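S.K.: Residue numbers (the working numbering), protein chains in the order written: chain A, 230 to 584; chain B, 230 to 584.
Even glycine gets a Cβ: it sits at the ideal position worked out from N, Cα and C.
The structure displayed is predicted, hence computed values, not measured ones.
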DNA sequence: CTGAAAGCGCTTACAG
DNA sequence: CTGAAAGCGCTTACAG
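Listed below in structure tokens is the structure:
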């Protein structure tokens, strides 16, 4: 391990000069700089990040991204967007995949990340508890959330109530009255803001249309393919059967479609299905869905993180961004059996809001 | 930022004793330890990783995972498996998503990771160039690869030639003779070992059956859904049309299925399709595929990484693990039109090899 | 069981 | 333009 001292000895200058030369600082003669650089390359010098960090005020040039499930398309895509932006600016990304493990969550959020390991954090898909907010704020840790909204920190999200409203109104316009919901109902373990907002939007929209939400039509799908499949089967066993279902994610919608196919139901003649995300596979299933920009949520969040760390900026903590969503009508939704549709079918109509 | 000095002052002992007490080292009285611990909690002390790292020999307790595409299911799943194992052992994971960017690859593999930022690396899905191997080896960096095999480093993979053979033999047994291939043919940018081995296995198996591989039947699918769809359309425009197609990944197979559906072809009556992976969505499409253990590849690779870093073990660099694969027969493959099948249809027959 | 001191590999005023 | 020296926050023999 060649150090700065080796370079100093090799070139006959002081370590201070070597340090300046290496970092391209001014007040170093061109000749000296050249010789130092040459020696660095020749001896294979690489700086020690620990020494650099210690000497220069503890910055790590590292950002933590905390997600619920790397394997879910949504999370992987957010990571992809954020990582790109951060890496371009010279930041490394430390990944923490909680995997729905309470213990892991406690260790990571409650202890580990308080250790000055990172300069900032990006929390994706989970709503930090007040205690977690307190801990992290106490350490002066810059935090940005994706999907959840915490008053103290900048956030990037879509309007999940509006997302639900968009989907349900589409079904109402098609004449459906008996509309089921597949989402996450008991998120006791990991407090997720998103599922709550979507079920709320679902209920409110029904009420606005004069329909009292029926608890029997709200099913647990766990935001997974398997959960969606199981929910689909339970839902199709109800009588009278719902004529339409709003799934809070495309992956659950895929599961419901599978269940419908297994039970020999036609979509959309017997059952209309609408999802959320516009997952990369959604077009494959011809799924009607409410599209949200996922890569962009990662990118924008990363930009907020960078801004928060920039001492130039006065960190305006209350910066909440809502990205636009839009209804994408494909072929899994159609008129309610027997019922007359109330409105025209819209093709990819923009219904989201931009900030 | 309370430091070890604050704790020393607070408790009236030396910093050396504080350090020992905090880390649970022996030769500290119970009373002293208790007082130090109490003060640490009270003052909200957290150690500086940089100082710890610098003082204790430069270990970072961090492992880099380098992948091609986080957003692809395969990579995300490998990450998930590896991250879990590493975190359990107290290691952090630094994620580098190359995203098929040559420039990024050069920066990450050629410069950035040589900076002592991590104690070891896990390289997933890309075959390091001889130069990269040279650089990293020179730095004494412990490296494990997933999917590619480099002589100097431990690797975890499946036998990709056998994977291709399994798929193609399945089609041959069903009486198919005109069998197309969708995979990656020109991987000029990022040298991938996997696509090469699969196309080789495809060709060899055909030759063994007395069929000379037809270059016109080998299509570029880019290992993506879109690439698979496009390849599917091109393939179905051939005349005579192939009766079966082996896709080097399930995602491309999904695309081919979509193309077939769009063109009004029946699967498997008009076209048999077999993929590779057993992607989480494969069952949804009833896709016949060659399953590979993905989470396990991540887990096993992480264990190798841990072993490599363990000074107790003498790093046996030449440790190459091949995980078993198996043919999963679903409903996208069937007898060749007009041709008599040569063998019985096998249901989920194990055909892989375990090490 | 405890402390004084050196050292890890850099950066940063301060002089010159 | 350059160097001597202090300091970043810990750990680690070495004494006692």
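#1: Return the bridge partner residues of residue 549 (chain A) from the DSSP annotation.
#2: In terms of DSSP beta bridges, what is residue 517 (chain B) paired with?
#3: Between the C-alpha atoms of residue 398 (chain A) and residue 486 (chain A), what's the straight-line distance to the nearest angstrom?
#4: Beta-carbon separation of residue 256 (chain A) and residue 262 (chain A) under 8 Å?
#5: For residue 538 (chain A) and chain B, any beta-carbon pair shorter than 8 Å?
#6: Hey, is the segment 281–292 of chain B in contact with the segment 341–355 of chain B, meaning 3+ C-beta pairs nearer than 8 Å?
#7: Output, in sequence order along the chain, the residues in the segment 311–326 of chain A whose CB is closer than 8 Å to any CB in chain B.
#8: Strictly under 8 Å for the Cβ-Cβ distance: is residue 546 (chain A) near chain B by that measure?
#9: Near residue 315 (chain B), what residues of its chain come up, given a Cβ to Cβ distance below 8 Å and the 5 sequence neighbours on each side ignored?
#10: State the Cα-Cα distance for the pair residue 232 (chain A) and residue 337 (chain A), rounded to the nearest angstrom.
#11: Below 8 Å on the Cβ atoms is my guess for residue 435 (chain B) versus residue 442 (chain B); work out the distance and round it to an integer in Å.
#12: Determine, using beta-carbon pairs with one atom in the segment 383–393 of chain A and one in the segment 507–517 of chain A, whether at least three such pairs fall under 8 Å.
#13: Just checking: is the beta-carbon of residue 510 (chain B) within a distance shorter than 8 Å of some beta-carbon in chain A?
#14: Taking C-beta pairs closer than 9 Å, name the residues in chain A that residue 334 (chain B) reaches, listed in chain order.
#15: Along the chain, where does the beta strand (DSSP E) that runs through residue 431 (chain B) open and close?
#16: So, residue 421 (chain A) versus residue 355 (chain A), is the Cβ gap smaller than 8 Å?
#17: Taking residue 279 (chain B) as the query, report the chain A residues whose CB atoms sit under 7 Å from its CB, ordered along the chain.
#18: Give a yes or no on contact between the segment 491–505 of chain A and the segment 465–477 of chain A, applying the rule of three or more CB pairs nearer than 8 Å.
#19: Compile a chain-ordered list of the residues in the segment 254–277 of chain B whose CB is closer than 8 Å to at least one CB of chain A.
#20: So if I threshold CB-CB distances at 7 Å, which residues from the segment 471–492 of chain A count as touching chain B?
#21: What are the residues of the segment 436–454 of chain B that lie near chain A, defined by any Cβ-Cβ distance shorter than 7 Å?
#22: Give me the Cα-Cα distance between residue 467 (chain A) and residue 414 (chain A), rounded to the nearest whole angstrom.
#23: Residue 237 (chain A) to residue 281 (chain A), Cα distance in whole Å?
#24: Name the one or two DSSP bridge partners that residue 349 (chain A) has.
#25: Does the pairing of the segment 549–559 of chain A with the segment 512–526 of chain A give three or more beta-carbon distances under 8 Å?
#26: Quick one: what does DSSP say residue 242 (chain A) is sitting in, helix, strand or coil?
#27: How would you call residue 484 (chain A), buried or exposed, if buried means at least 16 neighbouring beta carbons within 10 angstroms?
#28: Would you kindly check if the distance between the Cβ of residue 283 (chain B) and the Cβ of residue 329 (chain B) is under 8 Å?
#29: Quick one: is residue 432 (chain A) buried, meaning 16 or more other Cβ sit within 10 Å of its Cβ, or exposed?
#30: In the DSSP assignment, the alpha helix (DSSP H) including residue 268 (chain A) goes from what residue to what residue?
#31: Please list the partners that residue 348 (chain A) has in chain B, where partner means a Cβ-to-Cβ separation under 9 Å.
#32: Tell me, please, whether the CB atom of residue 530 (chain B) is closer than 8 Å to any CB atom in chain A?
#33: Just checking my contact of residue 453 (chain B) with residue 516 (chain B) at CB under 8 Å: how many whole Å lie between their CB atoms?
#34: Within 10 angstroms of its Cβ, does residue 469 (chain A) collect 16 or more other Cβ (buried), or is it exposed?
#35: Looking at the strands, I want to know which residues DSSP matches up with residue 321 (chain B).
#36: Which residues bound the beta strand (DSSP E) around residue 474 (chain B)?
M.R.: Walking through what the data contain:
#1: Indexing the first chain from 1 puts residue 549 (chain A) at position 320. The partner list for residue 549 (chain A) (beta bridge, DSSP) reads A:384.
#2: Counted from its first residue, the second chain places residue 517 (chain B) at position 288. Answer is B:503.
#3: Counting from 1 along the first chain, the entry for residue 398 (chain A) is found at position 169. Counting from 1 along the first chain, the entry for residue 486 (chain A) is found at position 257. Answer to the nearest angstrom: the Cα atoms are 20 Å apart.
#4: For the purposes of this step, residue 256 (chain A) is taken as residue 27 along the first chain, with counting starting at 1. For the purposes of this step, residue 262 (chain A) is taken as residue 33 along the first chain, with counting starting at 1. Not a contact, by the Cβ cut-off of 8 Å.
#5: Within the first chain, the letter at position 309 stands for residue 538 (chain A). Taking Cβ atoms only, chain B never reaches closer than 8 Å to residue 538 (chain A), which makes this a no.
#6: yes
#7: 312, 313, 316, 321, 322, 323, 324, 325, 326
#8: For the purposes of this step, residue 546 (chain A) is identified with residue 317 of the first chain, where counting begins at 1. Caution is warranted here: a pLDDT of 49 is assigned to residue 546 (chain A), below 50, making its placement in the model unreliable, and no coordinate value can be reported.
#9: Sequence index remark: in the second chain, residue 315 (chain B) carries index 86 (1-based). Only 292, 321, 322, 531, 534, 535 meet the Cβ criterion.
#10: Within the first chain, residue 232 (chain A) is the residue found at index 3, counting from 1. Within the first chain, residue 337 (chain A) is the residue found at index 108, counting from 1. Each residue's Cα considered, the two are about 34 Å apart.
#11: Along the second chain, read from residue 1 onward, the residue named residue 435 (chain B) stands at position 206. Along the second chain, read from residue 1 onward, the residue named residue 442 (chain B) stands at position 213. Confirmed, Cβ separation roughly 5 Å.
#12: no
#13: Residue mapping note: residue 510 (chain B) aligns to position 281 of the second chain, counting from 1. By this cut-off, residue 510 (chain B) is an interface position.
#14: For the purposes of this step, residue 334 (chain B) is identified with residue 105 of the second chain, where counting begins at 1. Here the premise fails: no neighbours, minimum Cβ distance about 12 Å.
#15: What you label residue 431 (chain B) is simply residue 202 of the second chain in a count that begins at 1. Element bounds for residue 431 (chain B): not the beta strand (DSSP E) but the alpha helix (DSSP H), 422–437.
#16: By one-based count along the first chain, residue 421 (chain A) stands at place 192. By one-based count along the first chain, residue 355 (chain A) stands at place 126. Against a cut-off of 8 Å, the Cβ pair of residue 355 (chain A) and residue 421 (chain A) comes out as a contact.
#17: As a working note, residue 279 (chain B) is residue 50 in the second chain. Going along chain A in sequence order, the residues near residue 279 (chain B) (Cβ under 7 Å) are 279, 282, 283, 287.
#18: yes
#19: 273, 275, 276, 277
#20: 483, 487
#21: 454
#22: Translated into positions along the first chain, residue 467 (chain A) becomes position 238. Translated into positions along the first chain, residue 414 (chain A) becomes position 185. Using only the alpha carbons, I get a separation of about 19 Å.
#23: Here the question's residue 237 (chain A) lines up with position 8 in the first chain. Here the question's residue 281 (chain A) lines up with position 52 in the first chain. Rounded to whole angstroms, residue 237 (chain A) to residue 281 (chain A) spans 17 Å at the Cα level.
#24: The count along the first chain starts at 1 and reaches residue 349 (chain A) at position 120. A:292, per the DSSP bridge assignment.
#25: yes
#26: Within the first chain, numbered from 1, the residue matching residue 242 (chain A) stands at position 13. Correct three-state label for residue 242 (chain A): coil.
#27: On the first chain, residue 484 (chain A) is found 255 positions in, with the first residue counted as 1. Residue 484 (chain A) should be labelled buried.
#28: Position 100 of the second chain holds residue 329 (chain B). Position 54 of the second chain holds residue 283 (chain B). No, the pair does not count as a contact, with Cβ atoms beyond the cut-off.
#29: Start at 1 with the first residue of the first chain, and residue 432 (chain A) comes out as number 203. It is buried - the Cβ of residue 432 (chain A) has at least 16 other Cβ atoms within 10 Å.
#30: Within the first chain, numbered from 1, the residue matching residue 268 (chain A) stands at position 39. Its alpha helix (DSSP H) spans residues 259–272.
#31: Here residue 348 (chain A) refers to the residue found at position 119 when the first chain is read from its first residue. Here the premise fails: no neighbours, minimum Cβ distance about 12 Å.
#32: Here residue 530 (chain B) is taken as the residue at index 301 of the second chain, counted from 1. Chain A, which has no Cβ nearer than 8 Å to the Cβ of residue 530 (chain B), makes this no.
#33: Your numbering for residue 453 (chain B) matches position 224 in the second chain. Your numbering for residue 516 (chain B) matches position 287 in the second chain. About 16 Å separates the two Cβ atoms, so there is no contact after all.
#34: Within the first chain, numbered from 1, the residue matching residue 469 (chain A) stands at position 240. It counts as exposed.
#35: Residue numbering aside, residue 321 (chain B) sits at position 92 when the second chain is read from its first letter. Per DSSP, B:291.
#36: Taking the second chain and counting its residues from 1, one reaches residue 474 (chain B) at position 245. First-last of the beta strand (DSSP E) with residue 474 (chain B): 473–476.
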